[in-house]
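So the sequence shown is numbered by numbering that gives the first Met the number 0: it starts at 0 and just counts up by one.
Glycine included, C-beta positions come from ideal geometry on N, C-alpha and C.
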Amino acid sequence: MSTGLLTTTSVNGTDTEVDPVVAVRGRRDLQRTFQLLLATVWLLDAVLQIQPFMFTKGSNGFSGMLHKMASGNPSVVAHTITWNASVVYHQPILTNTLFALVQFLIGFGIASTRTLRPALVLSIVWALNVWWFGEGAGGVFHGAATPFGGGPGAVLFYALLAVLLWPSDGSNLPFVAARTVGVNAARAIWAGVWGLLAVLAVVGNGRQPNALHDLVAGMSSGQPGWLAHIDKVSESFFLHHGSAAAVLLAVMCLAAALSIYLPPSFAQFMIVMVIVVFAIIWIAVEDLGGILAGGATDPNSGPAIVLLALIYWPLSGASTGVGVQKWAAANGHEG
Numbered sequence: 000m001s002t003g004l005l006t007t008t009s010v011n012g013t014d015t016e017v018d019p020v021v022a023v024r025g026r027r028d029l030q031r032t033f034q035l036l037l038a039t040v041w042l043l044d045a046v047l048q049i050q051p052f053m054f055t056k057g058s059n060g061f062s063g064m065l066h067k068m069a070s071g072n073p074s075v076v077a078h079t080i081t082w083n084a085s086v087v088y089h090q091p092i093l094t095n096t097l098f099a100l101v102q103f104l105i106g107f108g109i110a111s112t113r114t115l116r117p118a119l120v121l122s123i124v125w126a127l128n129v130w131w132f133g134e135g136a137g138g139v140f141h142g143a144a145t146p147f148g149g150g151p152g153a154v155l156f157y158a159l160l161a162v163l164l165w166p167s168d169g170s171n172l173p174f175v176a177a178r179t180v181g182v183n184a185a186r187a188i189w190a191g192v193w194g195l196l197a198v199l200a201v202v203g204n205g206r207q208p209n210a211l212h213d214l215v216a217g218m219s220s221g222q223p224g225w226l227a228h229i230d231k232v233s234e235s236f237f238l239h240h241g242s243a244a245a246v247l248l249a250v251m252c253l254a255a256a257l258s259i260y261l262p263p264s265f266a267q268f269m270i271v272m273v274i275v276v277f278a279i280i281w282i283a284v285e286d287l288g289g290i291l292a293g294g295a296t297d298p299n300s301g302p303a304i305v306l307l308a309l310i311y312w313p314l315s316g317a318s319t320g321v322g323v324q325k326w327a328a329a330n331g332h333e334g
């Protein structure tokens with residue numbers, strides 16, 4: 000209830016008086032926290048971009064890594080990727096410096112409220128370019144976009160997060176992702192993402208035991224002993240249970256897609272489930288994106304998927320101060 004210039008809100012069963020203007024401004028912090036986490040991911044990418052091998056020529060350098068992304072893609076896609084790899088091959092220092100600079104600009108830009116909006120726009124444009132030229136369109140066009148390997152591409156999640164975390168003065172209810180695009184659009188996006196992941200888990204080589212085994216084996220080189228041991232366990236698991244694992248992952252993704260339209264308690268359960276599962280995948284299959292082996296350009300999709308799940312966590316009115324927001328709006332306070 001309202002008492003003068005203060006409003007009373009219940010927190011853990013205790014009535015507390017708060018300044019409505021302060022409370023309304025405070026509700027922005029949750030979205031801002033997620034924006035800063037996104038900035039951190041971009042800065043990590045930028046740091047990985049300035050590893051010494053990224054500036055070298057040849058198959059062991061960045062251009063060689065890009066050239067491999069063309070393999071298996073349709074000729075139209077492959078030609079654009081090899082063209083880009085050729086440009087990097089001839090000017091490795093210049094191009095890689097530019098790539099790193101762009102990612103630093105994005106990361107620091109998102110971290111500053113003054114440059115937040117242009118940085119988010121740049122992040123979307125850059126992410127789409129990286130997805131095509133740097134990730135080979137995430138393997139979508141040749142059946143290699145299994146979520147076990149990071150499909151359909153980590154940077155696609157970066158772009159999606161930039162859209163969902165676009166700064167807005169709206170409410171955090173029922174979850175932060177709805178604050179900018181609205182509840183219906185946010186729910187449709189969530190359902191679409193998890194529906195797509197469910198499909199990618201079982202199409203192409205996504206449920207072929209040998210392919211999943213080789214996926215892990217290809218990541219194990221150069222990993223520290225403890226992670227290499229986990230890789231051996233994962234390789235054996237996929238060789239014997241790869242198809243079943245793919246189907247189970249698809250079922251979980253479908254359940255996650257539907258959970259957004261079900262009671263919040265079930266949605267929370269599924270969010271915890273996907274965070275745990277994709278954290279395990281990030282460690283035991285994606286090898287932390289290959290960061291510890293010294294050959295990664297990003298941490299793969301694991302952290303981005305976890306961040307996406309967190310911005311969909313159902314929130315209550317008490318935790319977001321929605322009652323205070325309505326009071327402030329009625330009294331002409333717009334933080």
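Residue i - DSSP class collapsed to helix/strand/coil
i: Asn204; result: coil
i: Leu314; result: coil
i: Gly63; result: helix
i: Ile49; result: coil
i: Ser242; result: helix
i: Pro262; result: coil
i: Asp230; result: helix
i: Val271; result: helix
i: Thr39; result: helix
i: Arg31; result: helix
i: Asn95; result: helix
i: Ala295; result: coil
i: Thr55; result: coil
i: Thr112; result: coil
i: Ser300; result: coil
i: Gln102; result: helix
i: Val86; result: helix
i: Gly142; result: coil
i: Arg26; result: Caution is warranted here: a pLDDT of 48 is assigned to Arg26, below 50, making its placement in the model unreliable, and the coordinate value is therefore given only provisionally. Reduced to three states, the DSSP call for Arg26 is coil.
i: Val284; result: coil
i: Pro73; result: coil
i: Met251; result: helix
Contact check, residue i vs residue j, beta carbons under 8 angstroms
i: Asn83; j: Phe54; result: no
i: Leu115; j: Leu104; result: no
i: Val154; j: Val129; result: yes
i: Gly217; j: Ala245; result: no
i: Gly150; j: Gly169; result: no
i: Leu164; j: Gln34; result: yes
i: Leu214; j: Gly148; result: yes
i: Ala278; j: Val250; result: no
i: His141; j: Gly71; result: yes
i: Trp312; j: Ile270; result: yes
i: Phe98; j: Ala303; result: no
Own chain, CB closer than 8 angstroms to residue i, minus 5 neighbours either side, in chain order
i: Gln102; result: Trp41, Leu42, Asp44, Ala45, Gln48 and Trp125
i: Phe268; result: Ser258
i: Thr79; result: Trp131 and Phe132
i: Ser58; result: His66
Chain-order list of residues whose beta-carbon lies under 7 angstroms from that of residue i (same chain, five-residue window excluded)
i: Pro91; result: Phe54, Thr55, Lys56, Gly60, Phe61 and Ser62
i: Leu196; result: Pro146 and Cys252
i: Leu127; result: Ala158
Cβ separation of residue i and residue j, assumed to be a contact under 8 angstroms, to the nearest whole Å
i: Leu391; j: Ala136; result: The structure shown does not extend to residue 391, since the chain spans only 0 to 334, so no value can be given for it.
i: Phe174; j: Ile310; result: 7 angstroms
i: His212; j: Gly241; result: 7 angstroms
Residues of its chain near residue i, where Cβ-Cβ distance is below 6 angstroms and the 5 sequence neighbours each way are ignored
i: Gly108; result: Thr114 and Ala118
i: Ala38; result: Gly106, Ile109 and Ala110
i: Gly221; result: Ala292
i: Gly152; result: Trp130, Glu134 and Gly137
i: Ser219; result: Ala227 and Asp230
i: Ala77; result: Ala69
Which ranges does the alpha helix (DSSP H) cover as unbroken runs of at least 4 residues, wholly within the stretch 144–228, from first to last along the chain? If we require 4 residues or more, the alpha helix (DSSP H) runs fully inside the stretch 144–228 come out as 153–163, 177–180, 182–201 and 208–216.
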